[in-house]
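Numbering (UniProt numbering), first residue to last: 1 to 167.
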């Protein structure tokens, strides 16, 4: 409030103040060189493009980890499949939690990567199937199997991808 008053500013309700897009600009001649320098430049460009792409995907996701009691990983997976609409990116990760000495309770950690806007709904669904100790962690990067953006870039340049052999 003080900064607004001192600078004679007013708070704006709603609306977009600024939106922007990013453009990666490169030298086609340098990027298509078929020598060591060209290869190094393509490796750098690929890493930069993939990091940006992975960060854009990851920044909209969160990682949920919950402990769920069950008789087996399959039991937990069945309850997760029947009692929720949670699937994660490629399905949930279910792993055994090592119990304290003397405990015979079967406890499993369920891990899911989900869109941030579904976080609280997912926590509630996990609770309904017996989930507890739900931790929500930020996701910084999500690297897919390959980068469609990089493949399109190489195609646009009309060259073969020699970066995979070097990486």
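Beta carbons: idealized from backbone N, C-alpha and C, even for Gly.
| Asked | Found |
| --- | --- |
| Simplified DSSP assignment, three categories, for residue 120 | helix |
| Counterpart residues of residue 110 in DSSP-defined beta bridges | 66, 94 |
| Distance between residue 106 and residue 88 (C-alpha atoms, nearest Å) | 23 Å |
| Identified DSSP bridge partners for residue 131 | 68 |
| Those runs of the alpha helix (DSSP H) which lie wholly inside the region 135 to 166 and span at least 4 residues | 148 to 157, 163 to 166 |
| Cβ contact (3+ pairs, closer than 8 Å) linking the region 107 to 116 and the region 20 to 39 | no |
| Beta carbon of residue 142 nearer than 9 Å to that of residue 109 | no |
| Three or more C-beta pairs below 8 Å linking the region 41 to 61 and the region 133 to 153 | yes |
| Presumed contact (8 Å Cβ cut-off) between residue 45 and residue 26, rounded CB distance | 6 Å |
| C-alpha distance - residue 66 paired with residue 123, whole-angstrom precision | 9 Å |
| Reference residue 12, options 1, 136, 60, 97, closest by Cα | 1 |
| Alpha helix (DSSP H) segments (min. 4 residues) lying fully within the region 13 to 77 | 28 to 31, 36 to 58 |
| Those residues which DSSP pairs with residue 115 across a bridge | 61 |
| Classification of residue 4 by the beta-carbon crowding that lies within 10 angstroms, buried from 16 upward | exposed |
| Length of the line joining the Cα atoms of residue 154 and residue 74 | 43 Å |
| Top-ranked residue by Cα proximity to residue 146, from 158, 47, 62 | 47 |
| Continuous alpha helix (DSSP H) stretch holding residue 4: start and end | 2 to 6 |
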